[in-house]
Structures are given as structure tokens and as C-alpha cells.
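One structure below.
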Amino acid sequence: MRVSIHLLGRFAVSVDGRAIPGGDWRRDRAAALVKLLALKPAHRMHREQVMETFWPDADPEAAGGSLRKAVHFARRALGAHELIEIGNDIIALAPDAELDIDSENFEAAAKAALRGGDKSTFEQAADLYGGRLLPDDLFVEWLDTPRAQIQQRYSDLLRAGGLWQRLIALDPADEQAQCALMQAALDAGNRVEAIRQFNQLRDNLHAELGVGPSAATIALYEKALALSGTETVSPSERIRTSLAWGLVHLQSGEFDKASQIARQTRDLALGANLPREVGEASALLGLASMMQARWPQLFRSEFIEWVRAKPAFVQHVFDGHLCLSEFCLCSAKGHAEVAGLAEELLAVAEEAESNAGRGLACLLLGEAALFSGELDKAEQFLTEAERLLLEADAVAGRVLAIERLAEIALERGQKWRASRLIQRGLTDAERSWLSPHLIMRMQALAVRAASTPKMVAEEILAGDRLLTPGACQPCSMALRTASAIALAESGDLEQVERRLNDAERIAGMWQGGPWAAALWEARGVQRRAQDKEVRALAAFEEAAGRYEELGRPRDQARCLARMGSHG
């Protein structure tokens with residue numbers, strides 16, 4: 005009998021050439037047992053080790069019963085009793101069969117190549133890496149170590165073999181790989197390819213707003229630009245260089261210099277009619293002012309100046325300030341302060357007859373009303389904002405208005421309406437250079453709007469696929485907590501602790517917003533699902549208190565209702 009198991013990039017099993025359909029794994033633990041044994045040396049484990057891995061908090065009798073069920077369903081799925089053998093308290097996977105496991109094949113080939121081989125040997129070993137280990141089980145804690153080991157082996161293999169393109173596919177922000185390809189292109193006199201590699205790296209680093217290439221990488225880019233003489237360098241190429249240097253100064257703490265470069269670069273982008281670059285320069289300027297605690301004043305002056313003098317670019321300037329305005333809205337009672345500012349800005353925009361300006365002001369007023377618990381008022385402002393921003397073709401702002409309208413629909417229990425809004429928002433978000441941020445936020449709502457357990461699981465899995473290296477951490481918070489709450493409420497507790505620990509780490513980096521309160525609420529749901537009611541009540545009380553401090557009465561009321569809902 006021959007058993008083939010795929011663990012890299014997907015989970016699939018075939019027995020004597022017959023692929024086992026995914027639906028045959030009727031119990032998650034049956035599939036998990038096969039995965040666990042497939043990854044162990046000699047593919048065997050003591051039954052107590054298996055029980056400790058899967059049911060660490062259960063008493064031995066209950067864990068033993070769960071293990072017997074897992075073995076039963078695994079045997080049924082595999083179609084042969086002898087493929088899961090138990091003897092002397094040892095559980096073995098296919099001990100008498102020919103067992104072929106893709107992760108083992110890759111490990112053996114990678115080790116052989118790293119011991120000493122030519123480029124073809126490295127390439128052949130790399131071809132055996134089918135993708136991340138069990139990507140649909142990202143938050144299963146016992147997989148962390150083997151997943152990290154295999155991925156590190158793959159990274160070492162690619163680096164040692166100089167397989168830079170594959171290394172970039174693994175980690176798009178790997179500067180060593182990008183620089184190696186840029187240098188190779190320069191050595192070959194290929195200016196265009198070197199510039200393409202730089203832009204690829206820059207865009208990948210830019211996925212996490214505020215991160216840019218290193219000085220050494222920028223120097224290589226400037227060398228590429230110089231190959232054909234300054235007279236052939238396009239405005240967009242000059243602007244990319246300037247923005248990259250501005251980020252270097254920002255990351256070095258030279259905020260005034262970064263601001264100066266941002267203003268100069270934005271003028272260049274405006275003169276060259278490059279809207280996205282106008283937005284990126286505005287983002288750099290906003291980040292520098294945020295670091296100096298000057299952002300609200302800057303945003304006010306920026307809004308007034310651009311609405312009055314350069315209305316065609318208002319939405320692009322706002323795109324640059326989008327994450328910063330959201331951060332300020334979410335700070336301690338920040339929505340009250342932003343509402344006051346937005347009222348002033350609405351008057352300015354109306355005087356200037358700027359639809360984009362009016363739309364942005366209505367968006368901020370709608371968000372402030374939503375956070376204050378005034379749903380009808382929020383809906384009016386946000387509906388008007390969506391209309392105005394559609395007319396102005398201000399994509400990012402319009403998607404944000406749709407997101408908030410979907411939140412209102414969920415508050416009112418209208419999941420069907422929220423789902424329609426979410427789909428519309430996801431479609432529009434693809435058109436924005438801020439799409440990684442916007443899609444992440446929409447996916448959090450998609451988890452909350454899912455109406456069946458199957459749909460919830462699908463939306464959580466879709467969200468997990470967005471949590472790639474470089475994903476915006478603050479924008480991921482709502483997705484992480486929504487997924488944790490949904491899993492806990494369904495009784496699937498295995499992945500919850502890991503998700504909340506990750507969220508807690510991120511929340512610690514971004515103080516002053518609702519993330520800590522959301523974490524306490526999610527912890528409360530988790531503790532209740534664990535039958536730890538005293539700890540659940542304490543967590544809900546803490547969450548309610550934090551929401552109260554933030555001036556968010558509906559969130560506070562929800563947590564208080566959770567306290568009274570037990571039993």
C-alpha cells in the first residue's frame with residue numbers, strides 16, 4: 005500500500021493513487037492526527053503526547069475518549085484500519101505502507117544541497133517546496149515550530165543558492181535579494197530592470213505605511229538612474245528617489261528634514277500631475293507631523309489650503325492622511341475633537357464648492373457620530389459622504405464610508421445589508437493604492453457579517469490569508485479580534501489564544517485607541533467559552549470601562565449586556 009501526503013501549500017492525502025476528498029475528513033481532529041504523525045520522526049507518538057498536544061486541559065479520561073474518536077475517523081477517512089496502528093500506547097501512521105510525504109522529501113533534498121551542491125541542485129531542492137506548511141492552519145500552535153523550521157530551511161536554501169527571485173516571492177521585502185538582482189541588472193547594463201526591481205521593493209515595503217528602502221538600496225537606484233544621464237530620468241523616477249530618502253530621514257528621527265523633503269516632493273508630483281505620488285508625499289508629511297504631535301494642526305491647514313487652491317487633488321492628499329485620521333479618531337475621545345474640526349472643514353468645503361472636501365468632512369462627521377453611538381446621524385452623514393466621494397472619484401474615502409455604513413447595518417442586526425455593502429466596498433477597494441489597508445478592514449466586517457458557521461469559517465480563512473508579512477498591523481486588529489470572538493463563540497478554542505496573543509502584541513505598540521478594550525472583550529468571550537465565568541465577567545467589565553473612557557457608549561453597552569447574558 006502506498007500513502008502520499010501533501011503538507012506544503014495544502015493538505016491532501018491519497019492512498020494507492022486514490023485522492024481522499026476533503027469532505028471525508030468529517031472531524032478536524034482526524035485530519036490533525038494524520039498531520040501530527042506525518043511531521044513526527046518515524047511517524048509515531050505515544051498516546052499521552054498526542055493527548056497533551058490536542059487536549060492539554062482535559063482530564064485523562066475525556067482526552068482518551070477524544071483520541072479514540074480521532075483515530076476512528078482518521079481510519080475511516082483513510083479507508084484502511086491498518087493505516088493508523090496502536091500498540092503499546094504508541095500510535096503509528098502507516099507503519100507497513102510505503103509512505104511518501106512532501107515535507108520530508110524537501111527537507112532531505114535541501115540538506116543535501118546545503119552540504120555542497122551546484123545551482124541546479126539548489127533549484128531542484130527548491131522545486132520540492134510546495135508552499136508554507138499547512139497554510140490553512142496558521143493559528144494552530146503546535147505547528148509553529150515545524151513551520152518555522154521548514155520555512156527557514158527554504159530561506160537558507162534560496163540564499164545559499166542565489167535564487168533571489170524565489171526569495172523575493174517568499175519575502176517580498178527582502179532587501180538583500182532585491183539588491184542582488186538590482187546589482188546583477190546594473191552589471192549587465194540593464195537600467196530598466198534595476199529600476200523595476202527597486203520599484204517592486206519600494207511598493208512591497210510601502211504595504212506597511214512608513215517603511216522604505218535603506219540608504220544602500222536607494223544609492224543603487226540612483227546609480228541606475230544615472231546610467232542613461234539625468235536628461236532621460238522621468239519626473240516619477242525623481243519623485244520615487246526623493247520619497248525614499250524622506251523615509252530614511254523619518255526612520256532616523258530627522259522629522260523636520262523628512263517634512264521638508266515631503267513638501268518639495270509633493271510640489272514635484274503636483275507639477276507632473278501624479279496623483280498617487282501627491283498622496284504618498286502627503287503621507288510622509290503626515291507621519292513626520294504625527295511623530296511631533298502636530299498632525300491635527302497640519303491636517304486642518306492642509307485641508308483648507310487644498311480645498312481652496314487645488315481642489316482637483318484634495319482626495320489624493322486625504323489618501324495620504326487616511327491612516328493618520330483614523331488613528332486620531334480612535335484615540336481617547338479623539339472622535340469628539342475630530343468632529344469639531346470636521347464641522348469647520350465642512351463650512352470651508354461648502355464655501356469652496358468642493359465635493360471632495362464636503363465628502364471628506366461628512367465622512368469624518370459620520371465616523372464621529374458612529375463612535376458616539378448616534379447611528380441615525382452617522383448614517384445620514386456617511387450616506388452623503390459616499391455620494392459626494394463617488395462624484396469626486398475619491399476611492400479610499402468612499403470605501404471607508406461604505407465600511408462604516410456596513411458597521412451600522414451590523415449594529416442594527418442587518419447582516420444581509422452589511423454583506424452587500426462589504427462586497428461593494430471590497431470591489432472598490434481594489435482600485436486604491438491603499439487597498440491592502442481597506443481590504444483588511446472590510447474582511448473584519450465580513451467575519452462579523454457571516455450568517456452560518458461554514459461562512460464564518462470561510463471568511464476567517466480568507467482573512468488569515470491577508471495576514472502576510474508587511475500587512476498593516478493597526479488595520480489588522482479588528483480582523484484578529486473578530487476572528488477570535490467568532491471562533492470562541494462557536495466553541496473552537498484551539499486557535500483563539502494564539503490570535504489574541506498576537507493582537508495583544510500589536511495593541512501594545514499602538515497605545516490610546518480601542519484596541520485594548522476590544523482585546524478585553526474578546527478575552528471575555530474566550531473565558532466564557534472556557535467555562536471560566538468569573539474571569540469572563542472581569543474581562544467584560546474592564547472592556548466596558550475602557551469603552552466608557554473612549555466615549556463609545558454602544559460598545560460599552562454591548563460589554564455590559566454580555567455581563568448579564570450568562571445563563
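Sequential numbering of the sequence shown, starting at 5, is according to my numbering. We treat Cβ as the ideally placed atom computed from N, Cα and C, and that holds for glycine.
For residue i, which residues from the same chain have a beta carbon less than 6 angstroms from its beta carbon, with the 5 sequence-adjacent residues on both sides left out?
i, result
"E463", "A450, V451, A454"
"A490", "V451, V460"
"W437", "R280"
"A372", "H339, V342, A343"
"T635", "Here the chain covers residues 5 to 571 and nothing more, so residue 635 does not appear."
"V7", "V19, A98, A101, L103"
"E383", "I412"
Give the single residue among the options whose Cα lies nearest to the Cα of residue i.
i, options, result
"E355", "L393, K381, R312", "R312"
"S480", "P440, P457, T456", "P440"
"F201", "A192, Y225, A220", "As written in the sequence, residue 201 is Gln, which differs from the Phe given in the question. Checking every option, the nearest Cα to that of Q201 belongs to Y225."
"W524", "G250, A540, E86, T245", "A540"
"A486", "K458, R509, M446", "M446"
"A351", "E390, Q560, F307", "F307"
"A220", "S240, T245, S238, E241", "T245"
"H325", "Q180, A353, S286, L345", "S286"
"V529", "R566, E552, R509", "R566"
"D160", "E111, L142, L43, A448", "E111"
"A466", "G120, D141, Q53", "D141"
"E357", "L392, E241, L37, S70", "L392"
"S256", "S218, L162, A548", "S218"
By DSSP, does residue i sit in helix, in strand, or in coil?
i, result
"V500", "helix"
"D468", "helix"
"R280", "helix"
"R435", "coil"
"L11", "coil"
"A450", "helix"
"G120", "coil"
"A112", "helix"
"G214", "In this prediction, G214 has a pLDDT of 45, which is less than 50 and means its spatial position is unreliable; nothing more can be read from the coordinates."
"E546", "helix"
"G555", "coil"
"A96", "strand"
"L103", "strand"
"R6", "strand"
"G193", "coil"
"D258", "Reading off the sequence shown, one finds Glu at residue 258, where the question assumed Asp. Coil, per DSSP."
"L138", "coil"
"G91", "strand"
"G512", "coil"
"Y133", "coil"
"L171", "helix"
Can you list, in chain order, the residues of its chain with a C-beta nearer than 7 angstroms to that of residue i? Leave out the 5 residues immediately preceding and following it.
i, result
"Q296", "F259"
"D506", "R484"
"V144", "E498, Q499"
"A16", "H10, A23"
"D28", "A81"
"Q128", "A113"
"E388", "C366"
"E415", "L379, R558"
"W520", "Note that residue 520 corresponds to Ala in the displayed sequence, not to Trp. So the qualifying residues of the chain are A511, R550."
"A181", "W168, L171, I172"
State buried or exposed for residue i, treating a residue as buried only when at least 16 other CB atoms are found within 10 Å of its CB.
i, result
"G4", "The question about residue 4 has no answer here: the residues shown for the chain are numbered 5 through 571."
"D271", "exposed"
"N92", "exposed"
"W420", "exposed"
"N359", "buried"
"L137", "buried"
"R72", "exposed"
"E494", "The amino acid at residue 494 is misidentified as Glu; the sequence shows Ser. Exposed."
"P45", "exposed"
"A116", "exposed"
"Q319", "buried"
"D106", "buried"
"Q560", "buried"
"E3", "In the structure as shown, the chain starts at 5 and stops at 571, and residue 3 therefore has no counterpart that could be examined."
"T269", "buried"
I'd like the list of long-range same chain contacts for residue i, defined as Cβ closer than 8 angstroms, with 5 residues on each side in sequence excluded.
i, result
"A228", "M186, A189, L190, R195, A198, I199, F202"
"E212", "Reliability of the predicted coordinates at E212 is poor, the pLDDT of 46 falling under 50, and the value obtained from them is presented with this limitation in mind. Cβ neighbours of E212 beyond the five flanking positions: G474, A475, C476, Q477."
"A164", "A117, L118, F126"
"A66", "W59"
So, is the C-beta of residue i closer than 7 angstroms to a C-beta in chain C?
i, result
"M294", "Annotation note: the requested chain C is absent from the structure, which comprises a single protein chain."
Which runs of the beta strand (DSSP E) fall wholly inside the segment 357 to 430 and span at least 3 residues, in chain order?
List check, beta strand (DSSP E) in window: nothing returned.
For the segment 16 to 70, list the alpha helix (DSSP H) runs that are entirely contained and at least 4 residues long, ordered along the chain.
Here the runs fully enclosed are 32 to 43, 51 to 58.
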